[in-house]
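Participant:
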Amino acid sequence: KAGVTQTPRYLIKTRGQQVTLSCSPISGHRSVSWYQQTPGQGLQFLFEYFSETQRNKGNFPGRFSGRQFSNSRSEMNVSTLELGDSALYLCASSLEAGMAEQYFGPGTRLTVT
Amino acid sequence: AQTVTQSQPEMSVQEAETVTLSCTYDTSESDYYLFWYKQPPSRQMILVIRQEAYKQQNATENRFSVNFQKAAKSFSLKISDSQLGDAAMYFCAYRSAFSNAGNMLTFGGGTRLMVKP
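Order-wise, the sequence lines are chains A and B. By our numbering, the letter at position 62 of the first sequence is numbered 62, and the numbering carries on one by one without gaps. Every position in the second sequence, counted from 1, becomes a number in our numbering once 1000 is added.
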């Protein structure tokens, strides 16, 4: 089975722009979670989607949003980018919501200049 | 809210030796899961081992084992016969077992493990 894939792997954007990141979960997995990883704040939960519905949301401003499609693929969007949004964005998938095991993708490295 | 603390930012171990990484957590919940994840320099996060809070028996996975002390809210990872490939960032993580918590993981700050040949 193919693992979790994230595109693009690297991205450079300018302050004020918006960006969309994509995550394709493992085939058959219906839950997708997003995390932001920075040297200063560590790994922080952004949101989780299950069956196209946002199930949980972390403590991030409204500039961060996401969605999930009927094929379980998920996108996250960050509008009006700030320098502090530079981070590694990780996606994780699991078979069902509440299942113990999550599988992570390789991440998207976003640099905001 | 739950918190996870890893007090050792860096650890070093000689190849073939044993090393223990520490993790403490704070929660008011009685049912939860605890995990250790490994993140090598390639950045892909890999699940190393997991522990269900209701299980008293410590989880083991080949060379990896945990010491789960529920009352002390401690969850340490022991790596035996360390190998060069074990060099990575290790993250301790907590997940509530309550259904409304979904799959949200709360991570510790990580421990960078270096393995000396």
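In this text, a Cβ means the ideal position worked out from N, Cα and C, and glycines have one as well.
In the DSSP assignment, what residue or residues form a beta bridge with TYR1054/B?
Facilitator: In DSSP, TYR1054/B forms no bridge with anything.
Participant: GLY107/A and TYR89/A look like a contact to me (Cβ under 8 Å); what is the Cβ gap, rounded to whole Å?
Facilitator: With a Cβ gap of about 6 Å, GLY107/A and TYR89/A count as contacting.
Participant: Distance cutoff 8 Å, beta carbons only. Does GLU82/A sit that close to anything in chain B?
Facilitator: Not an interface residue.
Participant: How long is the line joining the alpha carbons of TYR1025/B and ASN1100/B, rounded to whole angstroms?
Facilitator: Distance between the alpha carbons of TYR1025/B and ASN1100/B: 20 Å.
Participant: Could you tell me the boundaries of the beta strand (DSSP E) in which GLY40/A lies?
Facilitator: Taken as a continuous stretch (DSSP letters only), GLY40/A belongs to no beta strand (DSSP E), as it is neither H nor E.
Participant: Below 7 Å on C-beta distance, what does GLN1044/B contact in chain A?
Facilitator: PHE104 and PRO106, listed in chain order.
Participant: Using the Cα positions of GLN1083/B and ALA1016/B, report the straight-line distance between them to the nearest angstrom.
Facilitator: C-alpha separation (whole angstroms): 6 Å.
Participant: Anything in chain A within Cβ reach of PHE1107/B, meaning under 7 Å, just list it in chain order.
Facilitator: Simply GLY42 and LEU43.
Participant: Against GLY1102/B, what residues of chain A qualify as contacts under a CB-to-CB distance less than 9 Å, listed in chain order?
Facilitator: Per Cβ cutoff of 9 Å: SER31, SER33, GLU48, PHE50, ARG55, ASN56, ALA97 and GLY98.
Participant: Can you tell me where the beta strand (DSSP E) with GLY66/A in it begins and where it stops?
Facilitator: It spans 64-68 - the beta strand (DSSP E) in which GLY66/A sits, taken as one unbroken run.
Participant: In whole angstroms, what separates the C-alpha of GLN1056/B from that of LYS1070/B?
Facilitator: If I take the Cα positions, the gap works out to 8 Å.
Participant: At a Cβ threshold of 8 Å, is GLY1110/B touching chain A?
Facilitator: At least one chain A Cβ lies under 8 Å of GLY1110/B.
Participant: Against LEU1047/B, what residues of chain A qualify as contacts under a CB-to-CB distance less than 9 Å, listed in chain order?
Facilitator: In chain order: GLU101, GLN102, TYR103 and PHE104.
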